[in-house]
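Residue numbers (my numbering): 806 to 914.
Shown next as structure tokens:
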């Protein structure tokens, strides 16, 4: 999932060219990470397909699940609690609340 780059007021002026370069770099990095994960899954014998979406993560995950008529969403979670969860939020928690199908959360290392 690629969250759009949004400059904040304190950043000052960002030219369209610089914004496009930052966005392209972020997209390329996200695609590289996705490709590595796909290769790892395939090596383990898992049949996988990938799609790189841009937008608000929990909304895009739910939208993709709806459009693909998914039977199950499997999503990783950091397992944050307390203030970290309050300030950083939880994509997994938000997906659970709007998902069109069951959601299985898997706690990361």
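Don't be surprised by glycine CBs; every beta carbon is placed ideally from N, CA and C.
**Item:** Nearest to residue 861 (by Cα), restricted to the options 903, 908, 914 and 911
**Value:** Minimum Cα distance to residue 861 is reached at 903.
**Item:** Start-end ranges of the beta strand (DSSP E) lying completely within the segment 840–913, minimum 3 residues
**Value:** You should have 878–882 and 908–912.
**Item:** Euclidean distance between Cα positions of residue 899 and residue 828
**Value:** If I take the Cα positions, the gap works out to 25 Å.
**Request:** Return the CA-CA distance between residue 909 and residue 877, expressed in angstroms with no decimal places.
**Result:** Between residue 909 and residue 877, the C-alpha separation is close to 7 Å.
**Asked** What's the call for residue 834, buried or exposed, on a 16-neighbour Cβ count within 10 Å?
**Response** With a threshold of 16 other beta carbon atoms within 10 Å, residue 834 falls short and is exposed.
**Asked** Nearest CA to the CA of residue 882: which residue from 868, 897 and 869?
**Response** Comparing Cα positions, the closest option is 897.
**Asked** According to DSSP, is residue 827 helix, strand or coil?
**Response** The answer is helix: DSSP assigns residue 827 an H, G or I state.
**Item:** Span separating the alpha-carbon of residue 895 from that of residue 864
**Value:** If you take the alpha carbons of residue 895 and residue 864, they lie about 12 Å apart.
**Nonlocal neighbours in the same chain, by C-beta distance under 8 Å from residue 905, ignoring five residues either side** = Within the same chain, Cβ atoms closer than 8 Å to the Cβ of residue 905 are found at 867, 870, 871 and 875, the five residues on either side in sequence being excluded.
**Request:** Using a threshold of 8 Å, state whether the C-beta atoms of residue 842 and residue 857 are closer than that.
**Result:** Against a cut-off of 8 Å, the Cβ pair of residue 857 and residue 842 comes out as no contact.
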